[in-house]
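Encoded as structure tokens, the structure appears first; notes follow it.
Numbering (our numbering), first residue to last: 61 to 385.
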């Protein structure tokens, strides 16, 4: 068997957000289209999602959440910088604004992250395979330092670095999506230092900002991976993560993290992602282009000389690597 050009981890985010989303994610996993999931432990379906993960032996990480729904830890309205007066997290953009203004107390971030890790272990009976951030909160300035310290203390090695090569070339992205992607990438590049100092690891490349929802297609996924491969010497295997959000759309009031499902989860775009990911045409195209789907465990268990990575050292690909030019 020829050495693959790309070892691709396909992670379905927001597991535990609602039963319908979870149904689609499990369907994608059983079809071999998703290889990993990230669990929202404050999601309304977290317990049933954990049961699905155990039943189907799905590699599961923690989707650390500081921006949507109710906290897991002891934070209280009026006493926590993370919460609104109603007792919910501030929101996707509101949390970012509060961090930028210096209004978020980082010890409270640490307390909530610790509480979510404890809750994950209660639900799954084991440590997470990885920890990433819901709405990419884990790479925000200041937060990324606390995040890295907390993961190191808890023995978690893998995270996500959401730097996607070629996003600036994606003319199909609307202006708000482009602006958000650039902000996420800027924060992620700055997070490399704290992540590296605390021993965190991530894949060489990341894809998903340009292929979210209706923007996902086999052609665009293939193109995003091709951009990631630019400059990679022939014979070297790239490791990559595809962030995806498949599932059957949520139907209110079911779902969410305590406030009901948002428009993103209720959208037909979740079903569109599910259909693209599970289509035989995508799998065939990726295989033809030398892309092999795998899990983080597969990456971590390979050793030089065992075939997949050929003469290249595993550490070369899983050590924090510089973001693409």
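For every residue, glycine included, the Cβ atom is placed at its ideal position computed from N, Cα and C.
Spatial distance of residue i from residue j (CA atoms)
i, j, result
"residue 240", "residue 272", "12 Å"
"residue 80", "residue 122", "19 Å"
"residue 88", "residue 175", "29 Å"
"residue 339", "residue 309", "18 Å"
"residue 355", "residue 67", "9 Å"
"residue 268", "residue 259", "24 Å"
"residue 69", "residue 264", "11 Å"
"residue 226", "residue 287", "6 Å"
"residue 118", "residue 217", "18 Å"
Whole-angstrom C-beta distance between residue j and residue i, which should lie under 8 Å
i, j, result
"residue 206", "residue 166", "5 Å"
"residue 71", "residue 301", "6 Å"
Collapsed DSSP secondary structure at residue i in the structure displayed
i, result
"residue 310", "coil"
"residue 166", "helix"
"residue 75", "strand"
"residue 149", "strand"
"residue 67", "strand"
"residue 99", "strand"
"residue 117", "coil"
"residue 178", "helix"
"residue 36", "Given that the chain is displayed from residue 61 to residue 385, the structure contains no residue 36 and the question cannot be resolved."
"residue 319", "coil"
Span of the alpha helix (DSSP H) around residue i
i, result
"residue 159", "152 to 160"
"residue 325", "323 to 326"
"residue 140", "Element bounds for residue 140: n/a, residue is neither H nor E."
"residue 127", "That residue, residue 127, is in no alpha helix (DSSP H); it is neither H nor E in DSSP."
"residue 83", "79 to 90"
"residue 282", "278 to 289"
"residue 93", "Careful: residue 93 lies outside any alpha helix (DSSP H) and carries neither H nor E."
Near the ligand FAD: residue i beta-carbon under 8 Å from a heavy atom
i, result
"residue 161", "In terms of ligand content, the structure shown is empty, and the ligand FAD therefore cannot be addressed."
Residue interval of the beta strand (DSSP E) (run including residue i)
i, result
"residue 122", "120 to 124"
"residue 298", "298 to 304"
"residue 270", "Run containing residue 270: none; DSSP gives neither H nor E here."
Original post:
Which runs of the beta strand (DSSP E) fall wholly inside the region 184 to 266 and span at least 3 residues, in chain order?
Top reply: 191 to 193
Subject >> Segments of 3+ residues assigned as beta strand (DSSP E) that fall wholly inside the region 333 to 357 >> reply: 351 to 354
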